[in-house]
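Have a look at the structure below before the remarks.
Protein chains: 2
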Amino acid sequence: MRTHERVLAHLEEGIAAGRWGLGERLPGERALAEDLGVSRPSVREAIRVLDALGIVRPGVGSGPTAGAVVIDRPAAGLGAAVRLHVATGTLPVRDVVATRVLLESWAVAQAAERVMDHAPGTAAHLEEARRLLGRMEDDDVPAAEFLELDQAFHLEFVRMAGNVLVEAVMTGLRGAIGGYVAVGIERLPSWPRTAARLRAEHRAVLDAVAAGDAPAASLAVKAHIEGFSREAGV
Amino acid sequence: MRTHERVLAHLEEGIAAGRWGLGERLPGERALAEDLGVSRPSVREAIRVLDALGIVRPGVGSGPTAGAVVIDRPAAGLGAAVRLHVATGTLPVRDVVATRVLLESWAVAQAAERVMDHAPGTAAHLEEARRLLGRMEDDDVPAAEFLELDQAFHLEFVRMAGNVLVEAVMTGLRGAIGGYVAVGIERLPSWPRTAARLRAEHRAVLDAVAAGDAPAASLAVKAHIEGFSREAGV
DNA sequence: GTAGCGGATGTGGTCAGACCATTGCTCCGT
DNA sequence: ACGGAGCAATGGTCTGACCACATCCGCTAC
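Sequence lines, in order, name chains A and B. Mapping of the first sequence onto this note's numbering: position 11 corresponds to residue 11, and the numbering continues sequentially without gaps. So this note's numbering is basically just the index in the second sequence, starting at one, shifted up by 1000.
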């Protein structure tokens, strides 16, 4: 077993055992190296992996923001992995879009059911979705910002579904194909017309969820994603 | 931007551009360092990330197996990310199981539809599933091996669905919660009885897919996973 | 002429030590 | 009491070196 893998195993074990909880700091690189009897570069490689996976956030300097802090950004690691595997060419964008449709149509259905159950928090999420939709209504909003609002809008429903992993995967997928989407926008015959349609589709999804109509919400979001994907030619 | 991130960006750009395709070798660490005007440790950290994400496989020595070879094991990176985030405690095992149910029930439905469409390859996958099921029939097979066969059995249907990303995520999820499953087995009141039930459930899934009955296959696999998950107390 | 063997070569893996930039804290002087 | 200068801790990076391993090539012995 390679040295940095030993370090990684040690850190994973400690995290799993709760030795270093969320928001807490790992020992310094020098201290870890000495404790484990390895060199600092080996420790650094292990921490770099945790960094890439969204487990820790290295911080320079001194004080509470310094050191390798245990965070939790699952989307970071998942997104990077998906993006790179798309880059290698063995992971077709088509499959990424299909997976997104699968996850998101499930998510909006869950969201709709939670609305019917009057689950706590749903009202706030719906309100936020409405606010985002309102900002997208502005004709002057540039395409790039529209996409950000779009992403936040979609994410709001995924959050409502209450599955952290689905939320992370969704965020990662969106980030991974963000570049393709941006390129797709460029090739649209008419961005204003597409934007208008997207707004209407967003409205349909929002209404279905707010009404607690799970099947309608699923169908609406499926049509929305697949339609845009087809039009943008990703 | 940190130095190793520059290297990472360079490598990702090259992979995306097809400069280094699958099975090909990246330049050596020393050569990369010189080309980019950075030090070898910085290059190593970047390669270590690609290694962790399942993009490259470093190989020592000389010859065709040496050097950082571009591979494609999406499940490796996704599995590690999920496992570690479960370890931090913010990713509940419950969510992982729910996501698995979602993905796999979709996959078997797709598989059943492909059977109906007489899609190429389905017969071979079904045959392999039958073979695995046959090996699981043996009462003498130890629990650990049974779990491996079980995993392979499930994976066969996911492969049939033909979505590389779903297959990768599924594999990653299974790997991430493998430890919990093993612990769950220990706590079962009677492994032989559970094994018998699992066999029957596997049979039901296989029959539904082979018959092209997508809804039945979905329900069967959902009940199968949730039932075991509940019994094992994960 | 051929077969076997040993060194040359190139690869990642690891280590030691050093310096830098950044950040927060402490202590001293006003 | 306040403010600034210095100090300490941290990650980021670099240099140079050595090791283990796997292959390849050329030399040597038969």
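Every residue gets a Cβ at the ideal spot worked out from N, C-alpha and C, and that includes glycine.
Between the beta-carbon of residue i and the beta-carbon of residue j, is there less than 8 Å?
| i | j | result |
| --- | --- | --- |
| residue 1077/B | residue 1176/B | no |
| residue 97/A | residue 205/A | no |
| residue 1003/B | residue 22/A | no |
| residue 1026/B | residue 1067/B | yes |
| residue 70/A | residue 20/A | yes |
| residue 158/A | residue 166/A | yes |
| residue 45/A | residue 1045/B | yes |
| residue 132/A | residue 104/A | no |
| residue 52/A | residue 1052/B | yes |
| residue 1101/B | residue 1201/B | no |
| residue 123/A | residue 187/A | no |
| residue 149/A | residue 160/A | no |
| residue 113/A | residue 9/A | no |
| residue 270/A | residue 1055/B | It is not possible to answer for residue 270/A, since the shown part of chain A is limited to 1 through 234. |
| residue 181/A | residue 234/A | yes |
| residue 129/A | residue 191/A | no |
| residue 147/A | residue 99/A | no |
| residue 1039/B | residue 1031/B | no |
| residue 1075/B | residue 1171/B | yes |
| residue 1183/B | residue 49/A | no |
Pick out whichever of the options has its Cα sitting closest to the Cα of residue i.
| i | options | result |
| --- | --- | --- |
| residue 111/A | 126/A, 30/A, 70/A and 40/A | 126/A |
| residue 1091/B | 169/A, 106/A and 141/A | 169/A |
| residue 1228/B | 1084/B, 1196/B and 1010/B | 1196/B |
| residue 6/A | 35/A, 189/A, 93/A and 160/A | 35/A |
| residue 72/A | 1086/B, 1151/B, 1220/B and 1141/B | 1086/B |
| residue 139/A | 154/A, 198/A, 212/A and 183/A | 198/A |
| residue 162/A | 222/A, 221/A, 194/A and 106/A | 106/A |
| residue 24/A | 1/A, 63/A and 212/A | 63/A |
Taking 8 Å as the threshold (beta carbon to beta carbon), is residue i in contact with chain A?
| i | result |
| --- | --- |
| residue 1077/B | yes |
| residue 1045/B | yes |
| residue 1095/B | yes |
| residue 1048/B | yes |
| residue 1041/B | yes |
| residue 1169/B | yes |
| residue 1149/B | no |
| residue 1125/B | no |
| residue 1052/B | yes |
Whose Cβ in chain B lies nearer than 9 Å to the Cβ of residue i?
| i | result |
| --- | --- |
| residue 226/A | Near residue 226/A there are no residues of chain B at all, since even the closest Cβ is about 14 Å away, more than 9 Å. |
| residue 72/A | 1085, 1088, 1089, 1090 and 1091 |
Residue i CB to nearest chain B CB: under 8 Å?
| i | result |
| --- | --- |
| residue 137/A | no |
| residue 55/A | yes |
| residue 15/A | yes |
| residue 230/A | no |
| residue 165/A | yes |
| residue 217/A | no |
| residue 99/A | yes |
| residue 22/A | yes |
| residue 81/A | yes |
| residue 4/A | yes |
List the residues of chain B whose Cβ lies closer than 7 Å to the Cβ of residue i, in chain order.
| i | result |
| --- | --- |
| residue 201/A | Those within 7 Å of residue 201/A in chain B number zero; the least Cβ separation is about 22 Å. |
Here's the rule: buried if 16 or more other CB atoms are within 10 angstroms of the residue's CB, otherwise exposed. What is residue i?
| i | result |
| --- | --- |
| residue 209/A | buried |
| residue 37/A | exposed |
| residue 207/A | exposed |
| residue 1094/B | exposed |
| residue 121/A | exposed |
| residue 65/A | exposed |
| residue 1218/B | buried |
| residue 1042/B | buried |
| residue 118/A | exposed |
| residue 1012/B | buried |
| residue 240/A | Residue 240/A is absent from the model: chain A starts at 1 and stops at 234. |
| residue 1134/B | exposed |
| residue 211/A | exposed |
Regarding residue i and the ligand FAD, is the C-beta to nearest heavy atom distance less than 7 Å?
| i | result |
| --- | --- |
| residue 167/A | The ligand FAD is not part of this structure, which contains no ligands at all. |
Note down, in chain order, every chain A residue with its Cβ under 7 Å from the Cβ of residue i.
| i | result |
| --- | --- |
| residue 1012/B | 84 and 87 |
Check the Cβ of residue i against every Cβ in chain A and list those closer than 8 Å, keeping chain order.
| i | result |
| --- | --- |
| residue 1102/B | 102, 103, 106 and 166 |
| residue 1223/B | Chain A residues near residue 1223/B: none, gap ~18 Å exceeds 8 Å. |
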